[in-house]
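Here's the structure, in structure tokens; my notes come after.
Laid out in structure tokens, this is it:
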């Protein structure tokens, strides 16, 4: 284990670490693996490889950063365990045997003090953790807003990173807001199925026929679509609101007018 941990090349470059594991990353995956910022959003097609990249980042974090805490969050415990399983499968193919203090279906803790924990998207379980080095939120478009807002403060002191990965699920929620946000708070990567060399055009054509245009565009083309059957579009709803008037001012004027008329 010491020879692996002391390998500065692997420690400094997660892409080289991924290749050591037998994974040949696509160009966009290399960008994600070499991410050093605070917030990264990956809006990717189904089967593009976003979960594998996230699992490699999680494993790299606990191997080369003693005392690191990595949290894997998903809409359900089953989904969190699937991402956690990817991490444990990567551990098995390491060229060395890791010394573990804890090893079960929900968490792994190494002798260096680093730990990975798999969690469902329930606020009660999330709030029990603090000082996270890396928080990975899988299927982020399906995770409730209030949960994300309870997660954000967990990296305030630690200076940890937040990684969102998902396909779209409509024009709503924190994932969509982050995706359309301006500025440099979020680094963003978008990968459609057509950009993934492992997904054939023939497969995509069959999928479009089977699941319909709406779900195909959402799941494979990464489009944020309004729900089918919506009576009004989001643009129409937003047009009903204005910032020109202050509601409190209007109510006060009404009270003044009422007494004036009396």
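In the working numbering, the protein residues as written are 9 to 270. Each residue gets a CB set at the ideal place from its N, CA and C atoms; glycine is no exception. Nothing here was measured: the structure is a model prediction, and the numbers come from that model.
Extent of the continuous alpha helix (DSSP H) run through residue 50: First-last for residue 50: 47-52, but that is the beta strand (DSSP E), not the alpha helix (DSSP H).
Delimiting residues of the alpha helix (DSSP H) encompassing residue 218: 209-227
Nearest-angstrom beta carbon gap, residue 227 and residue 54 [assumed within contact, 8 Å]: 5 Å
Cutoff 6 Å; reference residue 150; Cβ partners in own chain excluding five residues on either side: 83 and 177
Whole-Å CB distance - residue 79 paired with residue 140, under 8 Å assumed: 5 Å
Residue 192 - containing beta strand (DSSP E), residue span: Taken as a continuous stretch (DSSP letters only), residue 192 belongs to no beta strand (DSSP E), as it is neither H nor E.
Sub-8 Å separation of residue 146 and residue 65 beta-carbons: no
Residue of 160, 115 and 119 minimising C-alpha distance to residue 74: 119
Where residue 113 falls, given that 16 or more other Cβ within 10 Å makes a residue buried: exposed
Candidates 199, 131, 40 and 156: closest to residue 231 by CA position: 199
Residues that DSSP places opposite residue 111 in a beta bridge: 116
Identity of the residue in 58, 191 and 229 nearest residue 173 by Cα: 58
Paired residues, beta bridge with residue 144 - DSSP: 80 and 171
Straight-line gap, residue 30 to residue 108 (C-alpha atoms, nearest Å): 23 Å
Span separating the alpha-carbon of residue 152 from that of residue 99: 31 Å
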